[in-house]
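Please read the structure below before turning to the comments.
Protein chains: 2
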Amino acid sequence: MAIKAENGRKNDPQRTQENILEVATEEFSTHGLAGGRVDAIAERTRTSKRMIYYYFGSKEGLYLAVLERSYRKIRTLEADLQLSNLEPEEALRVLISTTFDHDEAHPDFVRLVSIENIHHAAHMLRSEAIRDLNVSVIETIAGILERGVSQRVFTRQADPIDIHMMISAFCFFRVSNRYTFGSIFRRDLSEPTTIERHRTMIADAVIGYLKA
Amino acid sequence: MAIKAENGRKNDPQRTQENILEVATEEFSTHGLAGGRVDAIAERTRTSKRMIYYYFGSKEGLYLAVLERSYRKIRTLEADLQLSNLEPEEALRVLISTTFDHDEAHPDFVRLVSIENIHHAAHMLRSEAIRDLNVSVIETIAGILERGVSQRVFTRQADPIDIHMMISAFCFFRVSNRYTFGSIFRRDLSEPTTIERHRTMIADAVIGYLKA
DNA sequence: TAAAATGTACGAACTGGTACGTATGTCAAG
DNA sequence: CTTGACATACGTACCAGTTCGTACATTTTA
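Chains as they are written, first to last, in our numbering: chain A, 31 to 242; chain B, 31 to 242.
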């Protein structure tokens, strides 16, 4: 048994799973669910394909885990904002900037959501975990709008979900459609000056809408 | 040769190609490029898989043809608008409504664009045809904005491409992210009352932004 | 010693693409 | 107006490579 190399394997389930998820996130967000290859993921992992099936059962199981992990990461980020002690308009600007910066910084997440939409959100529907996460955003927005209206800074009675959609739409689209948009209009949406301009723009538009 | 059935085959290249493209559009927009199956397309066609390769060379060739066909259809629609005799604000509202209604009526197109973005717009880059189409929209918007500013209805000097993006983002997102958004917030974005509200909302927001 | 974690090798089904053969249309020559 | 020859249009059956998933064996850990 002299051959038995000095590989010194250590069992570390958590690290193994996390490692798989990291690699899988990249694979799926780049190639989609059908386009992503389990073998390709396994190869770039510290471990083997066997482990993928050991922990996640199937390709779809892995994909779902990747999706959940991505959503969980945002929740943590969003929940840390302390907006109730800010003036309504300022609070909204901070929230918008946060969403904007998040999408800009996490194209992987944006792509996964796009992919999930192509599949009619079939996987998300099966996961209650994900659904619960975004509810808090709506509550936050609702609070800001109420304060704004009662303080007469906002004149329009708007639906919180609509406002959230307006914000998401702009922030998301910039990232999700970066390539086709950039290709058609020869404009690089990830240029610093463009990013700055757009960040202000979406905030101005939303607040302008609420004050109209 | 009494067996030789009454199939009465007619050679009709144009109809055959169009038929393939129709079916392929549905297949690719539903399952993506990697997820779409050539065999599945062939089955639902009046013709056979052989013909797909005869006319389009490869799966990717077929996909590109589908993409080009979708873009060509919009151009025709957009080009028919006569906006120069309308007041700037009214012209913009008409343009926004048209974009809104188009995306709402053509989820296939929206999905194909999403898919193309997942592939970094790699196929679109190889097709000059597509790029040329959307330039006219920007010229239209630029004209409206100029007239609006000189007539003092719009106070803000805005970039036409930015405005186009703002409009596209909202109209596109409503359709592209319909499923994840609907799943999280239990809201059906294709409900008539919701559609009406959103159509007005995006127009108000854009115009409000230009007047701020 | 048993359960959890991991590695290796392999198989069965799927899937893009093609080889081969047949039918249809066209057009010029008879 | 018929014939025949050639190009285009089409159908069937099949192949070869890929890809998800697993059987089996082994090591680590408690």
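Note that the Cβ used here is the ideal one computed from N, Cα and C, for glycine as well.
Does the beta carbon of residue i come closer than 9 Å to any beta carbon on chain A?
| i | result |
| --- | --- |
| Val-183(B) | no |
| Ala-242(B) | yes |
| Ser-166(B) | no |
| Ser-239(B) | The identity of residue 239(B) in the sequence shown is Tyr, whereas the question assumes Ser. Tyr-239(B) counts as touching chain A. |
| Val-236(B) | yes |
| Arg-99(B) | no |
| Arg-217(B) | yes |
| Ile-225(B) | no |
| Asp-69(B) | no |
| Ile-104(B) | no |
| Leu-155(B) | yes |
| Ser-213(B) | yes |
| Ala-32(B) | Reliability fails at Ala-32(B), whose pLDDT of 26 lies under 50, so the model's placement of it is uncertain and the value that follows must be treated cautiously. Chain A, which has no Cβ nearer than 9 Å to the Cβ of Ala-32(B), makes this no. |
| Gly-91(B) | no |
Between residue i and chain B, is any beta-carbon pair separated by less than 9 Å?
| i | result |
| --- | --- |
| Ser-231(A) | As written in the sequence, residue 231(A) is Met, which differs from the Ser given in the question. Taking Cβ atoms only, chain B reaches closer than 9 Å to Met-231(A), which makes this a yes. |
| Tyr-209(A) | yes |
| Leu-161(A) | In the sequence as presented, Leu is not what sits at residue 161(A); that position holds Arg. Closer than 9 Å: yes. |
| His-228(A) | yes |
| Leu-125(A) | no |
| His-132(A) | no |
| Gly-62(A) | yes |
| Ile-50(A) | no |
| Gly-173(A) | no |
| Ala-35(A) | Interpretation of Ala-35(A) is limited by its pLDDT of 35, a score under 50 that renders its predicted location unreliable; the figure taken from the coordinates is listed afterwards. Chain B, which has no Cβ nearer than 9 Å to the Cβ of Ala-35(A), makes this no. |
| Asp-42(A) | no |
| Pro-222(A) | no |
| Ala-151(A) | yes |
| Arg-45(A) | no |
| Leu-204(A) | Checking the sequence shown, residue 204(A) turns out to be Arg, not Leu. For Arg-204(A), the answer is yes, since a Cβ of chain B falls inside 9 Å of its Cβ. |
| Gly-178(A) | no |
Tell me where the alpha helix (DSSP H) around residue i begins and ends.
| i | result |
| --- | --- |
| Val-96(A) | 89-109 |
| Asp-192(A) | 190-206 |
| Gln-47(B) | 43-65 |
| Leu-163(A) | 158-163 |
| Val-143(A) | 137-148 |
| Leu-116(A) | It is not in any alpha helix (DSSP H) - Leu-116(A) carries neither H nor E in the DSSP assignment. |
| Val-68(A) | 68-73 |
| Asp-218(B) | Note, Asp-218(B): premise wrong, no alpha helix (DSSP H); not H, not E. |
| Phe-86(B) | 79-86 |
| Ala-242(B) | Element bounds for Ala-242(B): n/a, residue is neither H nor E. |
| Ala-152(B) | 152-155 |
Taking residue i as the reference, which of the options has the closest Cα?
| i | options | result |
| --- | --- | --- |
| Gly-212(A) | Thr-170(B), Ile-160(B) and Glu-52(B) | Ile-160(B) |
| Ala-95(A) | Phe-200(A), Ile-193(A) and Phe-58(A) | Phe-58(A) |
| Ala-152(B) | Glu-90(A), Glu-226(A), Thr-210(A) and Ser-157(A) | Thr-210(A) |
| Asn-147(A) | Asp-131(A), Ala-135(A) and Leu-97(A) | Leu-97(A) |
| Ser-114(A) | Leu-107(A), Glu-90(A), Leu-125(A) and Arg-204(A) | Leu-125(A) |
| Ile-191(B) | Lys-103(B), Gly-173(B) and Arg-156(B) | Gly-173(B) |
| Gly-91(B) | Asp-131(B), Thr-55(B) and Thr-106(B) | Thr-55(B) |
| Glu-117(B) | Arg-156(B), Thr-75(B), Ala-64(B) and Arg-182(B) | Arg-182(B) |
| Ala-233(A) | Thr-224(B), Met-196(B) and Phe-215(B) | Met-196(B) |
| Thr-60(A) | His-136(A), Val-179(A), Leu-163(A) and Val-165(A) | His-136(A) |
| Thr-224(A) | Lys-241(A), Phe-86(A), Cys-201(A) and Ala-242(A) | Cys-201(A) |
| Arg-231(A) | Ala-72(B), Val-53(B), Leu-155(B) and Ile-237(B) | The amino acid occupying residue 231(A) in the given sequence is Met; Arg does not appear at that position. Of Ala-72(B), Val-53(B), Leu-155(B) and Ile-237(B), the residue nearest in Cα terms is Ile-237(B). |
| Ser-144(B) | Asn-41(A), Arg-227(A), Gly-62(A) and Pro-43(A) | Gly-62(A) |
| Gln-47(A) | Leu-219(A), Arg-67(A), Tyr-84(A) and Met-154(A) | Tyr-84(A) |
| Ile-82(B) | Ile-193(B), Asp-110(B) and Val-53(B) | Val-53(B) |
| Met-108(B) | Phe-203(B), Ser-166(B) and Glu-120(B) | Met is not the amino acid found at residue 108(B); the sequence shown has Glu there. Of the candidates Phe-203(B), Ser-166(B) and Glu-120(B), the one whose C-alpha sits nearest the C-alpha of Glu-108(B) is Ser-166(B). |
| Met-154(A) | Leu-175(B), Leu-240(B) and Phe-215(B) | Phe-215(B) |
| Tyr-93(B) | Pro-43(B), Leu-122(B) and Ile-71(B) | Ile-71(B) |
| Ala-121(A) | Arg-76(A), Thr-170(A) and Asp-131(A) | Thr-170(A) |
| Asn-164(A) | Thr-106(A), Arg-67(A), His-228(A) and Arg-227(A) | Thr-106(A) |
| Arg-229(A) | Arg-123(A), Phe-184(A) and Tyr-101(A) | Arg-123(A) |
| Val-179(B) | Gln-112(B), Glu-221(B) and Lys-241(B) | Lys-241(B) |
| Leu-175(B) | Arg-208(B), His-194(B), Thr-77(B) and Ser-88(B) | His-194(B) |
| Asp-162(A) | Arg-102(A), Asp-42(A), Ala-235(A) and Arg-217(A) | Arg-102(A) |
- prompt: Which residues, taken in chain order from the region 134-147 of chain B, show a beta carbon closer than 8 Å to some beta carbon of chain A?
  reply: Arg-141, Val-143, Ser-144, Ile-145, Glu-146 and Asn-147
query: Got a sec: which bits of the region 76-88 of chain A sit with their beta carbon under 7 Å from any beta carbon on chain B, in order along the chain?
result: none
message: At a CB distance below 9 Å, what residues from the region 188-202 of chain B approach chain A? Give them in sequence order.
response: Ala-188, Asp-189, Ile-191, Asp-192, His-194, Met-195, Met-196, Ser-198, Ala-199, Phe-200, Cys-201 and Phe-202
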